[in-house]
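Student: For our numbering, add 854 to where a residue sits in the sequence shown, where the first one is 1.
Where a beta carbon is used, it is the ideal one built from N, C-alpha and C, also for glycine.
Right, I'll just put the structure down here and ask away after.
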Amino acid sequence: MKPKVYITRKIPNEIVSKIEAVCEVRMWQEEEKPVPREVLEKEIADVDGLFCLLTESIDQALLDRAHALKVISNMAVGYNNIDVEAAKKRGIRVTNTPGVLTETTADLTFALLMSTARRLVESTEYLRSGKWETWSPLQLAGQDIYGATLGIIGMGRIGEALARRAKGFNMNILYYNRSRKPVVEKELGLQYTEMDELLQEADFVCIMTPYTPETNNLIGERELSLMKNTSILINTARGGIVNEDALYHALKNGVIWAAGLDVFEKEPVPLDHPLLTLPNVVTLPHIGSASIKTRMKMAELAAENLLAAIRNETPKHLVV
Ligand code: NAP
Ligand code: GLV
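Here it is as structure tokens:
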């Protein structure tokens, strides 16, 4: 009898075929709607493998319903949607997709930094709504990027890829990380600082840590108050790292100048969220890794990880 696998979203046929060569596959058939919890609760009962996205909360209550599960393969590098300890206790392996999305996510992070600094979204709306009547000296004037100081919080794979891009813009780069990275520091000419100093000095603060109990609300009212009133916060990591209430007030009251957000505490962000009312916020629907090639690579890697665990081999990217 073939092992059973449940896939929580419609993924490309060629990836499904690879899994079907080894497993009996059931799949949620929608592309734009996540699998309802009650469906997932039923589907997980008898499967050996789960191929899931960051939209699914894989918690203890769900795992209690899984009677044959060997592996949870997340099609994402971040795995804060999974109770990893609960999986480990039950002998279930957890895998993720690091590396293949690093450059694409760094591209988007730098694009968001540039759009926020130079007010691209606001400018497009200005033109389309017929407000553009003339050229004037301070019309839609933004902040310079070339030669500015970038502070990166979390110098991992994406943090480093971002620093490489910033070097091309002659930026002075500060970083704060849980552990110091002397090799990268030397290679890219980065300066390590404590977090408070980084917040005080940087013109742009980019968050690139995972979301963990330690990084929950890492940036709150106190941290925002340390930033310059001309500074810009960019978050493409996870929404919960920034306290959104504190961010709203900081942006509204001119404590900081602007923010670029690809991620939110609650996703999709509710349309009546106060942050969406501010002109100095650029908001994206969690598209950091969203290039066609990269999403294919992530799906392929998630399938490889899943199949390796099902074969009792060691997956390439094992979280636990
Ligand atoms: P990574 O290589 O593991 O880098 C994370 C870095 O954060 C590591 O250097 C780590 O330090 C540091 N870190 C962890 N906890 C910290 C803390 N409490 N204080 C300071 N630094 C801390 O991961 P990555 O591949 O760069 O991805 C980073 C995150 O980006 C992911 O977890 C995910 O949430 C997010 N992401 C978002 C998108 C998107 O679509 N918007 C796409 C991809 C990734 P150590 O070196 O000491 O471990
Ligand atoms: C996307 O947010 C990821 O973690 O891969």
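1) For S990, is the classification buried or exposed, using 16 other Cβ atoms within 10 angstroms of its Cβ as the cut-off for buried?
2) What does the Cβ neighbour count give for L894, buried or exposed, with the cut at 16 atoms within 10 Å?
3) Of the residues A1156, D998 and V1037, which one's Cα is nearest the Cα of A1020?
4) Of all the options E1121, Q914 and E874, which has the alpha carbon lying nearest to the alpha carbon of A1157?
5) According to DSSP, simplified to helix, strand and coil, what is K858?
6) Just how far apart, CA to CA, sit Y1000 and F1023?
7) Considering A1176, what are the terminal residues of the beta strand (DSSP E) in which it resides?
8) Check G953 in the structure and name its three-state DSSP category.
9) Just to confirm the assignment, what range does the alpha helix (DSSP H) spanning D1008 have?
10) What span of residues does the beta strand (DSSP E) with L881 cover, start to end?
11) Any heavy atom of the ligand GLV closer than 7 Å to the beta-carbon of V1109?
12) Beta carbon of L1155: closer than 7 Å to some heavy atom of the ligand GLV?
13) Compute the Euclidean distance between the alpha carbons of E885 and I865, then round it to the nearest angstrom.
14) Please confirm whether V1135 and L1129 have their CB atoms less than 8 Å apart.
15) If you drop the 5 nearest sequence neighbours on each side, which residues of the same chain put their C-beta closer than 6 Å to that of I1027?
Tutor: In brief:
1) exposed
2) So L894 ends up on the buried side.
3) D998
4) E874
5) strand
6) 5 Å
7) Since the first residue shown for the chain is 855 and the last is 1174, residue 1176 is missing from the structure and cannot be characterised.
8) coil
9) It should be pointed out that residue 1008 corresponds to Gly in this sequence rather than to Asp. Premise fails: G1008 is in no alpha helix (DSSP H) and is neither H nor E.
10) Sequence check: residue 881 is Met here, not Leu. Where M881 is concerned, the enclosing beta strand (DSSP E) stretches over E878 to M881.
11) no
12) no
13) 8 Å
14) yes
15) L1004, A1017, A1020 and L1044
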